[in-house]
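Shown next, in structure tokens, is the structure this report addresses.
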């Protein structure tokens with residue numbers, strides 16, 4: 045198979061971790077007889093430096109012409125970077141929101157798995173970590189508060205900021221269907237997370253999810269308020285299979301879930317539209333404080349590349365080979381600094397990529 049992959053290396057540690065993911069993809073292509081053509085794209089702060097804007101129309105069109113896009117991290121230090129002296133619509137993260145919207149990437153998949161080998165890095169109690177967990181957070185990605193109308197104005201001498209939270213029945217139904225479809229391939233349980241005791245948008249969310257659930261009689265549905273879900277993620281994460289939720293709640297909960305796995309550097313991400321196209325990226329930030337030091341954890345980006353093979357190219361065997369290689373490297377005791385524990389062998393970004401490649405045979 046020939047794969048046309050758009051590559052956005054991004055900012056901060058982005059170029060370092062994407063390089064390792066590309067290295068692993070090239071190894072897969074070599075072992076399994078595929079070919080890959082990469083198109084380098086600029087977005088975020090890197091695009092601001094060159095083009096003056098975080099996303100150009102040309103980059104969006106090049107992304108659309110790709111089979112899938114692999115991306116690193118976007119953004120910089122909000123206190124020191126000149127990017128954050130620009131108006132909000134011209135900052136790095138605005139480019140990411142525009143890319144998601146332009147590609148109609150409405151379904152965000154964020155797996156959170158506690159590898160047996162990383163139990164020592166899990167910040168939860170030992171008895172909780174011993175049970176392990178394997179969940180998929182399904183986050184609606186193109187609606188809600190992040191895409192609503194917003195304004196800041198002075199009323200009677202006082203600054204007033206407004207952000208509008210809007211969801212339509214259509215937006216909720218399509219992400220719910222995707223969530224239930226994923227659950228059918230897993231343990232057949234969906235936890236729909238909302239704030240229906242307060243928000244009208246959440247009441248509509250709950251109503252539509254219940255309607256969709258009737259089409260999936262083999263899947264168990266439960267509802268959970270977002271504040272309770274945040275508590276349950278640290279109390280008993282093993283209870284979750286698929287967490288289905290809206291944009292902002294999903295943003296927050298997926299970052300929380302990543303930390304109970306041991307490191308945000310372990311959490312992959314896929315954003316899909318209604319075709320096979322997807323944008324694949326690590327869930328962590330650009331970590332400008334460690335950029336260029338060669339110590340960033342590339343595993344989340346490498347696992348995102350595995351998701352790309354599975355969801356955009358239907359290459360399940362190849363995706364599993366990457367996931368198994370990651371497990372084997374961890375099993376051999378190799379760790380980057382963020383997941384390092386006593387008795388393990390610390391390696392840098394490039395060596396971690398090399399060692400994962402060595403297990404793909």
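Numbering (this note's numbering), first residue to last: 45 to 405.
We treat Cβ as the ideally placed atom computed from N, Cα and C, and that holds for glycine.
Query, Result
"Burial state of residue 275, where buried means 16 or more other Cβ atoms lie within 10 Å", "exposed"
"Option in 176, 322 and 237 with minimal Cα separation from residue 50", "322"
"Per DSSP, the bridge partner or partners of residue 197", "204"
"Burial state of residue 89, where buried means 16 or more other Cβ atoms lie within 10 Å", "buried"
"For residue 396, three-class secondary structure by DSSP", "helix"
"For residue 147, three-class secondary structure by DSSP", "coil"
"Residues that residue 235 bridges to, as DSSP identifies them", "266 and 287"
"Through-space distance from residue 111 to residue 271, alpha-carbon basis", "38 Å"
"C-alpha distance - residue 253 paired with residue 236, whole-angstrom precision", "8 Å"
"Bounding residues of the alpha helix (DSSP H) (the contiguous stretch that carries residue 81)", "No alpha helix (DSSP H) contains residue 81, which is instead part of the beta strand (DSSP E) from 79–85."
"Segment contact, 8 Å Cβ cut-off, at least three pairs: the stretch 197–210 with the stretch 150–168", "no"
"Within 8 Å, strictly: CB atoms of residue 362 and residue 76", "yes"
"Uninterrupted beta strand (DSSP E) stretches inside the stretch 93–152 (no shorter than 3 residues)", "112–115"
"Contained beta strand (DSSP E) runs [length at least 3] in the stretch 332–389, N- to C-terminal order", "none"
"Whole-number beta carbon distance between residue 353 and residue 159, since they are thought to touch under 8 Å", "That belief does not hold up - the Cβ atoms of residue 159 and residue 353 are roughly 19 Å apart, past 8 Å."
"Check whether residue 334 and residue 181 have beta carbons under 8 Å apart", "no"
"Alpha-carbon to alpha-carbon, residue 142 and residue 214", "20 Å"
"Beta-carbon separation (whole angstroms), residue 147 vs residue 108, contact threshold 8 Å", "7 Å"
"Burial state of residue 139 (16 or more Cβ within 10 Å)", "buried"
"Cβ-based neighbour list, residue 339, same chain, cut-off 7 Å, excluding 5 preceding and 5 following", "380, 381, 392 and 393"
"Opening and closing residue of the alpha helix (DSSP H) in which residue 246 lies", "244–257"
"Option in 131, 137 and 66 with minimal Cα separation from residue 99", "137"
"When 280, 157 and 94 are compared against residue 39, the one with the closest alpha-carbon", "Since the first residue shown for the chain is 45 and the last is 405, residue 39 is missing from the structure and cannot be characterised."
"Secondary structure of residue 55, DSSP reduced to three states", "coil"
"Sufficient close CB pairs (3 or more, under 8 Å) joining the stretch 217–228 to the stretch 242–259", "yes"
"C-alpha gap between residue 279 and residue 387, whole angstroms", "28 Å"
"Closest Cα partner of residue 332 within the set 46, 59, 48 and 231", "59"
"Coil, strand or helix - residue 322 by DSSP", "strand"
"Residue range of the unbroken alpha helix (DSSP H) whose run includes residue 4", "Since the first residue of the chain shown is 45 and the last is 405, residue 4 is not available in this structure."
"Residues of its chain near residue 238, where Cβ-Cβ distance is below 6 Å and the 5 sequence neighbours each way are ignored", "246, 249 and 250"
"Near the ligand FAD: residue 206 beta-carbon under 7 Å from a heavy atom", "Of ligands this structure carries none, so the ligand FAD is not represented either."
"Beta-carbon gap between residue 291 and residue 153 smaller than 8 Å", "no"
"Cβ shell of residue 357 (< 8 Å), same chain only, five flanking positions each side left out", "45, 47, 111, 112 and 320"
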